[in-house]
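Encoded as C-alpha cells, the structure appears first; notes follow it.
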Amino acid sequence: MTEDFLHDRLAKVERLRASGVDPYSRGFKPTHSSVAAKELIGDAERTPPVSVAGRLMVKRQQGGLVFADLQDGQGRIQLMASRNILGEEEFGRFADLDLGDIVGVTGPIFRTKRGEITAEVQSFQLLTKSLRPMPEKWHGLKDVEIRYRQRYVDLIANPEVREVFRARTRIITAMRGLFDERGFIDVDTPVLQEIPGGGHARPFMTHHNSLDRDLFLRIALELHLKRLLVGGFERVYEIGRVFRNEGLSPRHNPEFTLLECYQAYADYEDVMQLVEDLVVCAAMGAGRPLQGSYQGESVDLTPPFRRERMADLVLEHTGRHAAGEELNDLFEEHVEPRLRQPTFVLDYPVEISPLARPRDDDPRFVERFELIILGREYANAFTELTDPVDQRARFEAQAALRAAGNVEAHPMDEDFLRAVEYGLPPCGGLGVGIDRLVMLLTDQPSIRDVILFPVMKAET
RNA sequence: GCCGGCGUAGCUCAGCCUGGUUAGAGCAGCGGUCUUUUAAACCGAGGGUCCGGAGUUCGAAUCUCCGCGCCGGCACCA
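Residue numbers 1377 to 1836, in my numbering, belong to the letters of the first sequence in order.
In C-alpha cells, the structure reads:
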C-alpha cells in the first residue's frame, strides 16, 4: 500500500517533469506568513496581492473552485483557486496538487461568503512534491510510537506539539536572559570526559581511536564549572546535554538537558532566591500563570516556597529520628511523594553529598537543598565544598564505596582536587533538569513530549 | 531487568471475551458529478503477511506459547 502510494506519486513527479514543472523548485519568496497575511485585510474588502508559502493540509473541491488550507510556521490560511481566474490548465494543475505538497501562492486576500479570510490564487508554484500520505485530517496523528519516531509527521499533523517546543525554547531563552542580566557568562565544557563526575549515575562509555583511550559522556556539568570559578570567572552557567546510562520512563530520557550555574560568594540561601526567580522567569517564558495546574493537579509556583529541613520532614511524616543514608531513604519513600506544592528541602546528609559544604553547626549535614514539586525533584543545589583536604577525604570515602561495588559512587578526580587546592572561592551551585521543568510548565505528561527526538528501541 | 496492558488498511477505529461464509467503517488515495466550501457532499471501483513465529482446532484477527515493538508500573535515577 505504502509502496503503491510512492509509486503513484513518483509517476506523478515524472508527469510533472515531462510537462515542464519542476516538482522541487526554488526561488519563491513569501512576503507574508499566513497569520500576517490574514491580518492585512482589516476592514477592507480585498488587499493587494501577497505571497504565502506552506504545506497543503486540506482540500475541498467544488466544481470550478478549490478551497485548500495552507499551513506554515505560524498557522493556516485558506486558499481559493478558481477556474475562471486561473484558466483551465492552471486550475487543473492546482486541483492536481496533493495534500502535503509545499506550494507558494500569490494573490489578494479577501473574505468568502462565510467570512473566512482567504487568499485568492492568482498564481502558484509547486515548491516541493510530497510522496507520502498525510495523517488523517480530523483525528490527526495519535499513535505515540509514530509521533516520537517520526516527529516531523507529528509536528505537521499536531500544531499544539509545535507550541510545546516553542514554549520550551522560550523557557530556556528566558532563563538565559536572567543569567545574562545578573552577569553570569555561559560556557561550554567537555562532553567527552576521562572521569565522569559531578553526580551519581552510570555513564555511557565510548572510545577515542587515535588516542586509543576510553572516554565517558558527561553525567553532569559541575566539576568543570567549578574549575572555572577557580580560574576567576565568578558567575558561570551552562545549559547542556548530559547522558546517563539508565532506564527509560516518562520522567527519564538517557540524554537530557541540565542547567548548572555557580556563583562566587553566594551560599545556598542565595541560590534558593535564585531558584525562585528562575521558576518565575521560566513560567513567564512559558506563558503559564504562577497559579496553574499539572495534569489536573493545581500547583502554585508563587514564591516564596516553603522551606523545611529534611530531618524535620522525616520526623513529621514517620516519627523517626534518622541520619545518613537512612534519613535520605526515609525521606524518599515517605516524604517526597507527599510534597506537592513547591518545597525547598534543606540540609542533606553529608554521606550522599560529596561535593557540598558541611553545616557549621552540625557537620553530619551539608548546606544543600532540593526543590520538590509534585513529589519530583526540580533543582538540586548546595553551598559548595571549598576545602581541598575535606574534598579529598570525601572522594576517598566514595572510592571505598566504589571498591565495595557501588558503581554510582563518585569517582576520584585528581585534576579537580588540584584545582580546588589552588583555591575555589566560596560559592553556591545549582542544577536544574530543564526537561522536567518544561514538562511542568507546559503540562506535558511525559518527558518524551518535551524532547523532540526521544530515545527509542530499534524500529522493527 | 521484572510485572501488566496494547499491536487490525497510509491515518483514526470496530470486530477478539462467547473461534465459523470472500475481515469492516470513516478519512486519505484513484475514477466521476458539483463555482463560496469549512471534517464539503454524493456516486463508483480499489487498497490488509489482522506485529512476527509456533501450537491447539475440521476451521484462528479471535484461544495458547515464544519473540519484537509501544504504553504504564516497579527497580535504577534527574
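Backbone N, C-alpha and C define an ideal beta-carbon position, used for all residues, glycine too.
These figures come from a predicted structure and were not determined experimentally.
Let me know the secondary structure DSSP gives residue i once reduced to three states.
i, result
"residue 1596", "coil"
"residue 1472", "coil"
"residue 1830", "coil"
"residue 1435", "strand"
"residue 1788", "coil"
"residue 1759", "strand"
"residue 1421", "coil"
"residue 1754", "strand"
"residue 1736", "coil"
"residue 1394", "helix"
"residue 1622", "coil"
"residue 1522", "helix"
"residue 1560", "coil"
"residue 1384", "helix"
"residue 1613", "strand"
"residue 1588", "coil"
"residue 1573", "coil"
"residue 1799", "helix"
"residue 1835", "coil"
"residue 1807", "strand"
"residue 1428", "strand"
"residue 1467", "helix"
Nearest-angstrom Cα distance between residue i and residue j?
i, j, result
"residue 1558", "residue 1653", "12 Å"
"residue 1823", "residue 1542", "15 Å"
"residue 1516", "residue 1533", "6 Å"
"residue 1712", "residue 1829", "30 Å"
"residue 1488", "residue 1494", "7 Å"
"residue 1597", "residue 1743", "19 Å"
"residue 1431", "residue 1684", "53 Å"
"residue 1553", "residue 1781", "43 Å"
"residue 1526", "residue 1535", "15 Å"
"residue 1764", "residue 1671", "45 Å"
"residue 1678", "residue 1656", "7 Å"
"residue 1826", "residue 1540", "7 Å"
"residue 1606", "residue 1799", "6 Å"
"residue 1638", "residue 1511", "47 Å"
"residue 1767", "residue 1693", "33 Å"
"residue 1806", "residue 1561", "15 Å"
"residue 1616", "residue 1564", "8 Å"
"residue 1590", "residue 1519", "39 Å"
"residue 1593", "residue 1566", "9 Å"
"residue 1754", "residue 1603", "24 Å"
By a C-beta neighbour count over all protein chains shown, 10 Å radius and 16 as the cutoff for buried, is residue i buried or exposed?
i, result
"residue 1719", "buried"
"residue 1405", "exposed"
"residue 1544", "buried"
"residue 1633", "buried"
"residue 1642", "buried"
"residue 1648", "buried"
"residue 1724", "buried"
"residue 1407", "exposed"
"residue 1832", "exposed"
"residue 1528", "exposed"
"residue 1796", "buried"
"residue 1549", "exposed"
"residue 1674", "exposed"
"residue 1721", "buried"
"residue 1644", "buried"
"residue 1391", "exposed"
"residue 1776", "exposed"
"residue 1582", "exposed"
"residue 1445", "buried"
"residue 1400", "exposed"
If you follow the beta strand (DSSP E) that residue i is part of, which residue opens it and which one closes it?
i, result
"residue 1673", "1673–1676"
"residue 1722", "1719–1725"
"residue 1580", "Taken as a continuous stretch (DSSP letters only), residue 1580 belongs to no beta strand (DSSP E), as it is neither H nor E."
"residue 1642", "Segment: none, residue 1642 is in no beta strand (DSSP E) and carries neither H nor E."
"residue 1445", "1441–1447"
"residue 1454", "1452–1458"
"residue 1741", "1741–1749"
Grab the span of the alpha helix (DSSP H) containing residue i for me, first residue to last.
i, result
"residue 1410", "1410–1416"
"residue 1550", "1535–1557"
"residue 1776", "1764–1779"
"residue 1812", "1810–1818"
Jot down the residue ranges of each uninterrupted beta strand (DSSP E) in the segment 1477–1519, minimum 3 residues, whole runs only, in chain order. With a minimum length of 3 residues, the continuous beta strand (DSSP E) runs that stay inside the segment 1477–1519 are 1478–1483, 1485–1487, 1493–1496, 1499–1504.
For the segment 1655–1714, which segments carrying the alpha helix (DSSP H) assignment without a break, of at least 4 residues, lie completely within its bounds, in sequence order? Counting only runs of 4 or more, we get 1686–1694, 1700–1706.
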